[in-house]
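Some notes on the structure that comes next.
In the working numbering, the protein residues as written are 36 to 543.
Structure representation (structure tokens):
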């Protein structure tokens, strides 16, 4: 059977674990003849997102407030804007391709990836979709209705599309799923086979560049899993070390890094734990690589944890999110400002200064009132200044709140985030809808290609509140007294905003 495989557009160059798994699985299956599309590389390699951004920021500097401009000019903003531009059709010339093959397999990570699926179905392809957007818990019925709202004919959604939830490993019979041609759920996995996947179709596009990070994982299951903005709580637990011996893993990592020509490893573990003897042994054997891990406040309260990562880690990605006890409790983050102070003290007392700290904040979280917001950013600024004064190299970045696919923050009784039916409220909205408003004011004039003017709720996922919020739907935030609370970007002191976003160099 001849098929084409599409991994969605990447916003930067890296090697996902998924591309190695899918590459090895498809190439080993003697029933399949596979073409791998260059769509994941084509968009960011074209630099079109930078060209669009340059036009927008040029107008924004003369149109928007200093805080809004500062937010748009921060280092990693293009990663946040990538899917916004994609949703407005700017990448269509790079992602909508006509293929000779009848069958096309597509990994979908984001709702925007369904633009490719729509195009394929409308060009009479037989399409198989799977990936995180499906596996997080959205139902096949919802995905089909979403594509119907995008203009795909119902008959094509019934006869030319199958939806597969779950994860692929080397033992997954993808050919059998395609042959049977019906929706399927992959429920059994041997994640240890990850360490047998030595081929990645992306390699030919990167040409052995040593700075291209390779994503690896030991366990991709959040131990906490209660944050109300999180969309990954329904992902199946993935223990990559369960059936793989330490020696095999170490040999694989070294061979893979050599094959890909990279010196950078980013562990995708939601929260990186060091308590496993296997993890400790493996890290000792690969400590010569540049290693980045995700971590959090609760883990950083542990002195032994910090002392262990001192020996092996070069960069910590820390989700601080907020210092407001009200906001942290509202989103059920699991820690308080007192815990944050304890973690910061531990870092100052025990963490090696050579480790770069990349700390993320979420703006426009539900808040008590305007004073609570002002105090939050004042405390964030003080944390940053203290870390720098203690000799750390630090970068803070601001992520804007999105209330979907997990709609939990949008639908509690008397909640502080509410949908407005008045388009004029975009200017006083918050979160992603406010970002869209800023970009529109700055010249982003392409219409949205995804469903507009609506909040779509998946009615087929009992126990979950998942769905989609159109980018042109205002989400208005209120304080505890019922007053409208505009975006944090309109409330943060400009001097504090500048101090938070000033970055120290990793090389200094």
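Glycine included, C-beta positions come from ideal geometry on N, C-alpha and C.
**Item:** Residue interval of the alpha helix (DSSP H) (run including residue 116)
**Value:** Here the alpha helix (DSSP H) through residue 116 covers 112 to 122.
Start and end residues, alpha helix (DSSP H) containing residue 333:
Note, residue 333: alpha helix (DSSP H), 332 to 335.
### Residue nearest to residue 54 in terms of C-alpha spacing, selected from 67, 65, 76
Comparing Cα positions, the closest option is 76.
message = According to DSSP, is residue 279 part of a helix, a strand, or is it coil?
response = Three-state DSSP puts residue 279 in coil, outside helix and strand.
### Query
Taking residue 374 as the reference, which of 396, 334, 339 has the closest Cα?
Measuring from the Cα of residue 374, the nearest candidate turns out to be 334.
Notebook entry, point to check: Quick one: is residue 252 buried, meaning 16 or more other Cβ sit within 10 Å of its Cβ, or exposed?
Noted result: With 16 or more Cβ atoms within 10 Å of its Cβ, residue 252 is classed as buried.
Coarse secondary structure for residue 228, derived from DSSP in three states: Assignment of residue 228 by DSSP, reduced to helix, strand and coil, places it in the helix class.
| query | Which ranges would you report for the alpha helix (DSSP H) in the region 381 to 441 if only whole runs of at least 4 residues count? | reply | The region 381 to 441 contains these whole alpha helix (DSSP H) runs: 405 to 424.
| Leaving out the 5 sequence neighbours to the left and right, which residues in its chain are closer than 7 angstroms to residue 438 when beta-carbon positions are compared? | The beta carbon of residue 438 sits closer than 7 angstroms to the beta carbons of 444, 445, 452, 466, 504, 510 from its chain, once the five residues preceding and following it are set aside; these are given in chain order.
- Report whether the distance from the Cβ of residue 524 to the nearest heavy atom of the ligand GTP is below 6 angstroms. Ligands displayed in this structure: none; no statement on the ligand GTP is therefore possible.
Could you tell me which residues DSSP puts in a beta bridge with residue 347? Residue pairing from DSSP leaves residue 347 without any beta-bridge partner.
| task | Return yes when the Cβ of residue 487 is within less than 7 angstroms of the Cβ of residue 507, no when it is not. | result | Closer than 7 angstroms, so yes.
- Under the DSSP definition of a beta bridge, which residues are partnered with residue 454? Looking at the DSSP assignment, residue 454 forms a beta bridge with 510.
ask   = Residues in its own chain within less than 8 angstroms of residue 450 by CB, not counting five upstream and five downstream?
value = The residues are 401, 444.
Which same chain residues, not among the five before or five after residue 501, have their C-beta less than 7 angstroms away from its C-beta?
If we look at residue 501 and ignore the five residues flanking it on each side, its Cβ neighbours are 172, 173, 440, 441, 442, 493.
* residue 484 to residue 117, Cα distance in whole Å? -> In this structure, the alpha-carbon of residue 484 lies about 14 angstroms from that of residue 117.
*Take every Cβ of the region 340 to 358, pair it with every Cβ of the region 379 to 394, and state whether three or more of those distances are shorter than 8 angstroms.*
The region 340 to 358 makes contact with the region 379 to 394; the number of CB pairs closer than 8 angstroms reaches 3 or more.
Backbone secondary structure at residue 325 - three-state DSSP:
In the three-state reduction of the DSSP assignment, residue 325 falls in the strand class, which pools E and B.
| field | Local Cβ density within 10 Å of residue 36, reported as buried at 16 or more and exposed below that | value | Taking a 10 Å sphere around the C-beta of residue 36, we find fewer than 16 other C-beta atoms and assign the residue as exposed.
Counting Cβ pairs, one atom from each stretch, are 3 or more of them under 8 angstroms apart for the region 140 to 159 and the region 184 to 191?
-> Flag = yes, the region 140 to 159 and the region 184 to 191 touch.
With a threshold of 6 angstroms on Cβ separation, who are the neighbours of residue 408 within its own chain once the five nearest residues in sequence on each side are excluded? 402, 523, 526, listed in sequence order.
Checklist entry - Span of the beta strand (DSSP E) holding residue 163? => result Its beta strand (DSSP E) spans residues 161 to 165.
For residue 302, name the three-state secondary structure that DSSP assigns. Taken through DSSP and simplified to helix, strand or coil, residue 302 comes out as strand.
### Message
Is it the case that the region 68 to 84 contacts the region 44 to 52, given that we only count it when at least three CB pairs across the two stretches are under 8 angstroms?
### Response
Taking 8 angstroms as the limit for Cβ pairs, the verdict is that the region 68 to 84 does touch the region 44 to 52.
Between the CA atoms of residue 145 and residue 281 - distance to the nearest angstrom:
For residue 281 and residue 145, the distance between alpha carbons rounds to 34 angstroms.
(Q) For residue 426, which residues in the same chain have their Cβ closer than 6 angstroms to its Cβ, ignoring the five residues on either side in sequence? (A) For residue 426, where only same-chain residues beyond five positions count, the Cβ hits under 6 angstroms are 388.
Assuming residue 71 is part of the alpha helix (DSSP H), what are its boundary residues? Per DSSP, residue 71 is not a residue of any alpha helix (DSSP H); the beta strand (DSSP E) it occupies stretches across 68 to 71.
Problem - Contacts around residue 238, its chain only, beta-carbon distance under 7 angstroms, and the 5 residues preceding and following it disregarded - result: These residues qualify, in order along the chain: 295.
* Are the CB atoms of residue 463 and residue 429 nearer to each other than 7 angstroms? -> Residue 429 is positioned such that its CB atom lies no closer than 7 angstroms to that of residue 463.
Q) For residue 290, does the three-state DSSP call read helix, strand or coil? A) In the structure shown, residue 290 sits in a helix (DSSP, three-state: H, G or I).
Judging by CA-CA distance, which residue of 241, 513, 367 is the nearest neighbour of residue 454? Of the listed residues, the one whose Cα sits closest to residue 454 is 513.
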